[in-house]
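Trainee: Quick one: structure below, then a few questions.
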Ligand code: SAM
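Written as structure tokens, this is what we have:
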């Protein structure tokens, strides 16, 4: 396990992913019933942007660094606001020296009745996360293989909620693991919302992944992506993708407002593109 998220925290991919997390939680909060968020690859919670690692890549400067104080169109600003609130809460003295990861953003947005299960396999990272949430009765941190959690922890007793699957893609076969994990999890809990991250780097692998999802026997899948530039040679992370199973019904329309704004703001020149496409569902693919 060599992957360290501190090098990438707050980059364009985190921004898109965490906005979708925040929009989904915002939707879950519209009903009074409690829900649970299960984060299978949680990371350490909060990332120090002044650390040597974050400074070395500086990726956050072209992600949250461009967005935090940007002048946004009103409709996009309202949709992005809960996410930016969570980022500001991680920086109580103002400025931007810390970036909250998915469990910290989620926790910021929960109500008293809601719960978070945060799973992290790296022993040191799991310890850091446990320390971060020490004494918080709404959050349970577990040092465990997140792929196993997709079986063992589903469905949650609340029967409402979100499963975030955000693997590091440092090993071969991660696309296949995502599909296998999703199919197994969906069988156990077909009513859950699932948010799965994937890199847009190897375009053939992405196309095969999308094709396999179309055939996976899952009723509703929305695919969201933002490419910040045209395909690079040699390959690099040109874009970020999110598969959302059972998306909240407003999410497609919301992201059609947010993604063009992010493409302009975070794009690396005029070749930035975005998409919001149903891979499975009642609506025809656009
Ligand atoms: N979700 C986090 C966020 O948005 O802030 C970032 C997660 S980072 C992309 C991936 C994390 O998964 C790393 O912290 C890594 O240590 C952890 N990890 C790798 N393999 C894992 C596994 N099999 N189960 C659980 N965690 C794993």
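In the numbering used here, the protein residues as written are 366 to 651. Yeah, the Cβ is synthetic: ideal placement off N, Cα and C, and Gly gets one too.
Is the beta carbon of residue 484 closer than 8 Å to that of residue 405?
Mentor: A contact, by the Cβ cut-off of 8 Å.
Trainee: Let me know the secondary structure DSSP gives residue 441 once reduced to three states.
Mentor: Residue state, collapsed to three classes: helix.
Trainee: Using alpha carbons as the reference points, say which of 541, 371, 442 lies closest to residue 619.
Mentor: Among 541, 371, 442, the Cα nearest to that of residue 619 is on 442.
Trainee: Kindly indicate which three-state DSSP category residue 398 falls into: helix, strand or coil?
Mentor: Three-state result, residue 398: coil.
Trainee: Tell me whether residue 511 is buried or exposed, calling it buried when 16 or more other Cβ atoms sit within 10 Å of its Cβ.
Mentor: Classification of residue 511: buried, given that the 10 Å Cβ count is 16 or more.
Trainee: According to the neighbour-count rule (16 or more other Cβ atoms, all chains shown, within 10 Å of its Cβ), is residue 561 buried or exposed?
Mentor: Buried is the call here.
Trainee: Once the 5 residues before and after residue 413 are set aside, which same chain residues still bring their CB inside 8 Å of it?
Mentor: Excluding positions up to five away in sequence, the list reads 371, 419, 462, 463.
Trainee: Is it right to say residue 328 is buried, meaning 16 or more other beta carbons lie within 10 angstroms of its own, or is it exposed?
Mentor: As shown, the chain starts at 366 and ends at 651. That puts residue 328 outside it, with no answer to give.
Trainee: Is DSSP giving residue 590 helix, strand or coil here?
Mentor: Here residue 590 sits in strand by DSSP.
Trainee: I'd like to know whether the C-beta atoms of residue 613 and residue 471 end up nearer to each other than 8 Å.
Mentor: Result no, Cβ atoms of residue 613 and residue 471 do not sit closer than 8 Å.
Trainee: So, residue 659 versus residue 380, is the Cβ gap smaller than 8 Å?
Mentor: Examination of residue 659 is not possible in this model, given that the chain is present from 366 through 651 alone.
Trainee: My output table needs one value for residue 561: the three-state DSSP class, helix, strand or coil.
Mentor: Strand, per DSSP.
Trainee: Pick from 521, 642, 457, 575: whose alpha carbon is nearest that of residue 399?
Mentor: The residue with the shortest Cα to Cα distance from residue 399 is 521.
Trainee: Please return the same chain residues whose Cβ sits closer than 7 Å to the Cβ of residue 447, not counting the five positions on each side in sequence.
Mentor: Only 387, 391, 474 meet the Cβ criterion.
Trainee: Can you find at least 3 beta carbon pairs, one from the segment 632–646 and one from the segment 579–593, that sit closer than 8 Å?
Mentor: Touching, yes.
Trainee: Unbroken beta strand (DSSP E) runs of length 3 or more, entirely within the segment 500–587: which are they?
Mentor: The qualifying runs are 504–508, 526–530, 558–565.
Trainee: Hey, is residue 368 close to ligand 1, as in C-beta under 7 Å from one of its heavy atoms?
Mentor: The answer is yes for residue 368.
Trainee: In terms of residues, what are the limits of the beta strand (DSSP E) holding residue 630?
Mentor: Premise fails: residue 630 lies in the alpha helix (DSSP H), 616–631, not in any beta strand (DSSP E).
Trainee: So residue 607 and residue 394 are in contact, right, with Cβ under 8 Å, and what is the actual spacing, rounded?
Mentor: Actually they do not touch by this definition, with Cβ atoms about 20 Å apart.
Trainee: Name the DSSP beta bridge partners of residue 465, please?
Mentor: BP columns for residue 465 point to 411.
Trainee: Hey, out of 467, 525, 542, whose CA is closest to residue 506's CA?
Mentor: If we check each option's Cα against that of residue 506, 467 comes out closest.
Trainee: What does residue 482 pair with, by DSSP beta-bridge criteria?
Mentor: Answer by DSSP bridge pairing, in chain order: 403, 505.
Trainee: Taking the alpha-carbon of residue 598 as reference, which of 438, 533, 556, 567 has the nearest alpha-carbon?
Mentor: The option with the nearest alpha carbon to residue 598 is 567.
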